[in-house]
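To start, the structure itself, in structure tokens.
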Amino acid sequence: AQTVTQSQPEMSVQEAETVTLSCTYDTSESDYYLFWYKQPPSRQMILVIRQEAYKQQNATENRFSVNFQKAAKSFSLKISDSQLGDAAMYFCAYKTSGSRLTFGEGTQLTVNP
Amino acid sequence: NAGVTQTPKFQVLKTGQSMTLQCAQDMNHEYMSWYRQDPGMGLRLIHYSVGAGITDQGEVPNGYNVSRSTTEDFPLRLLSAAPSQTSVYFCASSYSMYGPTALGAFFGQGTRLTVV
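Chains A and X supply the protein sequences, listed in that same order.
Under this note's numbering, the residue at position 87 of the first sequence is numbered 87, and the numbers go up by one with no gaps.
Under this note's numbering, the residue at position 67 of the second sequence is numbered 1067, and the numbers go up by one with no gaps.
Put into structure tokens, the structure is as follows:
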């Protein structure tokens, strides 16, 4: 069974600084997808960024980027120039084409002014 | 664009009561699913459906029932509520289990359920 592990229950960052959230996963598949979701206090689940495992290039979406290390089964999220609105719970998730999303436990990010 | 609509947003039940959480999507998605979110455990899959008339169990199906009579709707039924079912529930949909999965899933706004 696939598992997703987020080893940092809580993280904090100063406004305008950079923070990296960690995620590791376990799978025997070679073709899969990885996601980071943001959940603000409103509870809405918002897709932040996604990565296809067959792509070597790390995905980037504005201030959000990932460091995808396929051999190490690691998928970290880097948030640059952190803003107060980035404060949220962040979930890492894994999916193969024939399965459903498997989520990590989440990392609560606090942004300090 | 309504996306995924969940109702109600909040609910308090007494132990033993039954209720149905509603979920509807207007994107013609084949794949719909229900998750529960508990502190420190992320989101865990309860049930899912790959199309009208087809449902299957996820990680934590006990105490829940689903049906999928139309593409749009995927209600979740609590048969006899227990305090252990106190949680936040999310409905999600995506284009296809086998299609452009790189697009991920669209989520409803969640239902906070308390069973006393």
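Positions of the beta carbon are idealized from the N, C-alpha and C atoms, including for glycine.
Figure out for me which residue from N62(A), E15(A), T24(A) has the closest Cα to the Cα of L34(A).
-> T24(A)
Touch check for the segment 54-63 of chain A and the segment 39-46 of chain A: three-plus C-beta pairs under 8 Å?
-> no
CB-CB under 8 Å to S1049(X), same chain, minus the five flanking residues each way: which ones, in chain order?
-> These residues qualify, in order along the chain: Y1031, M1032, S1033, T1055, D1056, V1066, R1068, F1074.
What does F91(A) touch in chain X if you count any residue whose Cβ is under 8 Å from its own?
-> Contact of F91(A) with chain X by beta-carbon distance below 8 Å involves G1042, L1043.
For E17(A), collect the residues of the same chain with a Cβ closer than 6 Å to its Cβ; drop the 5 residues on either side in sequence, then sort them by chain order.
-> S82
Applying a beta-carbon distance threshold of less than 8 Å, which residues of chain A neighbour Q1109(X)?
-> S42, R43, Q44
Relative to the alpha-carbon of L1045(X), which residue among P113(A), T110(A), G104(A), L109(A) has its alpha-carbon at the smallest distance?
-> Of the residues P113(A), T110(A), G104(A), L109(A), the one whose Cα lies closest to the Cα of L1045(X) is G104(A).
Would you grab the beta carbon distance between F68(A) and F75(A) for me? Rounded to a whole angstrom, and I think it's under 8 Å.
-> 5 Å
Listed by chain order, chain A residues near S1087(X) by CB distance under 7 Å | Within chain A, no residue comes near S1087(X); the closest Cβ sits about 12 Å away, beyond 7 Å.
From the beta carbon of E61(A), is the nearest beta carbon of chain X less than 8 Å away?
-> no
Do G1110(X) and C1023(X) have their C-beta atoms within less than 8 Å of each other?
-> no
Return the first residue and the last residue of the beta strand (DSSP E) that K95(A) is part of.
-> 88-95
What is the DSSP secondary structure of M1019(X), counted as helix, strand or coil?
-> strand
Per-residue burial, V66(A) [other beta carbons within 10 Å of its own, 16 or more giving buried] = buried
With C-beta atoms as the reference, is Q1085(X) less than 8 Å away from V1116(X)?
-> Not closer than 8 Å, so no.
Which residue's Cα is closest to the Cα of A1092(X): L21(A), P9(A), M45(A), Y90(A)?
-> M45(A)
Between the CA atoms of I49(A) and E61(A) - distance to the nearest angstrom = 7 Å
Excluding five sequence neighbours on each side, which residues of the same chain lie with their C-beta closer than 8 Å to the C-beta of E15(A)?
-> S82, Q83, L84, V111, N112, P113
Anything in the segment 1053-1072 of chain X with a Cβ closer than 8 Å to a Cβ of chain A? List those residues in chain order, please.
-> Cβ contacts with chain A come from G1058.
Which residues in chain A sit within 7 Å of A1024(X), going by Cβ to Cβ distance?
-> Those within 7 Å of A1024(X) in chain A number zero; the least Cβ separation is about 17 Å.
Same chain only: Cβ atoms within 7 Å of Q2(A), ignoring 5 sequence neighbours per side = Y25, D26, T27, Y94, T102
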